[in-house]
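>
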Amino acid sequence: MRNSFPVRWRTATWPDIPLTDNYIFIDWGEAFRNAHAEDFSALHNPGLTLDLGALGVQMLINQQGAGYFPERVVQPHLEAGHLTQIKGYPDYAYPAYLVYQANFSTSSIMTSALTSLRQVAAQAIDGDLPPPFWG
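Take the sequence shown: its letters are residues 4 to 138, numbered as in the numbering used here.
As structure tokens, then:
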């Protein structure tokens, strides 16, 4: 699993701006929501909430805000200098799941799906995946 960590639009004053200022909550699923609620109990109602993380990074850049994103999603923007990782806040694991309908699965289909998932996970761990198509 790769981590999800907070990033902020890079401005001249970014080190002095708290994470919660202009914060955009991106809903990365139940595990993330629960951990986030526990770690940020005072952040009940951020100014903006999105549940489509793929578009969230563009919204964050357009709004010059801050939010949590998986490393792979923001890496091109970190390298370009548009975003900076905010230190001093928790990182969260970003798990992957395989969901299937039992009546449509066979042993060979499941073996193929799990093999593909493991290959992609290994590439992600090694940093060998291409940038996201929306990046």
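Just so it is clear, CB atoms sit at the ideal spot from N, CA and C, and this is done for glycine as well.
Tell me the start and end of each unbroken alpha helix (DSSP H) in the stretch 86-137 that is at least 4 residues and wholly inside, in chain order.
Runs found: 110-129.
> Report the option in D129, Y92, A96 and A127 whose CA atom is closest to the CA atom of F43.
Considering only alpha carbons, the answer is Y92.
> What residue range does the alpha helix (DSSP H) around F35 cover?
Per DSSP, F35 belongs to the alpha helix (DSSP H) from E33 to D42.
> Beta-carbon separation of Y97 and P133 under 8 Å?
No, the pair does not count as a contact, with Cβ atoms beyond the cut-off.
> Ignore the nearest five residues each way along the sequence and tell me which others in G138's own chain have a CB closer than 6 Å to its CB.
Only weak support is given to the placement of G138: the predicted model assigns it a pLDDT of 48, under 50, and the value that follows is read from those uncertain coordinates. Within the same chain, G138 has close Cβ partners P79.
> Inspect the beta-carbon positions of I27 and L58 and report whether they are closer than 8 Å.
Not a contact, by the Cβ cut-off of 8 Å.
> Let me check one thing: in DSSP terms, what residues is R75 bridge-paired to?
In the DSSP output, where bridge partners are listed per residue, R75 has none listed.
> Look up G70 in the DSSP assignment and say whether it is helix, strand or coil.
Strand, per DSSP.
> When the Cα atoms are used, what is the spatial distance from A124 to Y100?
The alpha-carbon atoms of A124 and Y100 are separated by roughly 11 Å.
> Given Q67, which residues of its chain have a CB within under 6 Å of its CB, disregarding the five upstream and five downstream residues?
Result list for Q67: W12, in chain order.
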